[in-house]
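Colleague: One structure coming up, written as structure tokens, with questions to follow.
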Amino acid sequence: METTSESDIVLIENDNIQKGILQDVTNIEDDDKNETDKIFDEYEEWLNGTLEIIRKQRTFGNYYRWAKAIRNSLEGVHKLYSNVKTYQNRHTNPRTWKDFNKHTMFLE
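Below, the structure written as structure tokens:
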């Protein structure tokens, strides 16, 4: 009959702890991915809905007054678009973190 030494028990416990930690991290990553997918779905829904509204207003001929009225609301979207386009058109990599902004910090 084979006996288990104390060192074997410690190794088994450590292995089980590591597996548990890895499983917890994997679950967190899965939860983060699901949450991120929901966020991206929301953004797409908002932007597609906004684009649809803009196109309808243009076909109704209500684009001049309405476009002026919503300009401030869409300024943030314009800034995001502009920052990302500028970043993508760079010929060199940013030298330091100061070359990034909140829109381009985590772009891939």
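For the sequence shown, the UniProt record's numbering assigns the number 1 to the initial residue and increments by one for each residue that follows. Cβ coordinates follow ideal geometry from the N, Cα and C atoms, glycine included.
(1) Rounded to a whole number of angstroms, what is the C-alpha to C-alpha distance between residue 49 and residue 88?
(2) What's the C-alpha gap between residue 47 and residue 41?
(3) Here's a check: name, in chain order, each residue in its chain whose Cβ is nearer than 6 Å to the Cβ of residue 63, leaving out the five neighbours to either side.
(4) Do you know whose CA, among 53, 36 and 79, lies nearest residue 67's CA?
Modeller: Reading it off the structure:
(1) 26 Å
(2) 10 Å
(3) 57
(4) 53
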